[in-house]
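Here the structure comes first, spelled out in structure tokens, and everything after it is commentary.
In this note's numbering, the protein residues as written are 3 to 102.
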């Protein structure tokens with residue numbers, strides 16, 4: 003498994019090379035898309051990107067957890083969590099290790 007991490011800069015550079023926008027315009031475009039996705043998720047909306055996957059927000063209720071070291075019960079407060087469900091195409095690409 004590779005240790006390479008895809009960053010905003012990498013995305014901006016890919017837009018620059020593939021689309022032909024200037025580097026600044028590419029960075030602005032990537033930033034705008036990420037901001038739009040982030041805003042939608044913060045508002046509780048689901049974000050579905052075809053052939054990639056679906057991001058959604060779940061409300062988890064309060065529950066009782068357990069400290070594995072001591073065995074003591076610990077209350078876990080209710081919270082919102084971000085989930086991602088990859089599409090079938092993405093699952094296949096990852097399983098097969100295909101780049102494109």
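For each residue, glycine too, the CB sits at the ideal point set by N, CA and C.
Quick caveat, the model's predicted, so the values are computed rather than measured.
- Inter-residue distance for residue 41 and residue 82 is about 15 Å (C-alpha atoms, whole angstroms).
- Residue environment for residue 21: exposed (fewer than 16 other C-beta atoms within 10 angstroms of its C-beta).
- With the rule of 3 Cβ pairs closer than 8 Å, the region 42-57 does not count as touching the region 10-30.
- Residues 17, 31 of the same chain have their beta carbon placed closer than 8 Å to that of residue 23, with the five preceding and five following residues left out of the count.
- Residues of the same chain with a CB within less than 7 Å of the CB of residue 51, apart from the 5 flanking positions on each side, do not exist.
- Within the same chain, and ignoring the five residues on either side of residue 39 in sequence, the residues whose Cβ sits closer than 8 Å to its Cβ are 49, 57.
- DSSP, reduced to helix, strand and coil, places residue 84 within a strand of the structure shown.
- When rounded, the separation of the alpha-carbon atoms in residue 89 and residue 62 is 23 Å.
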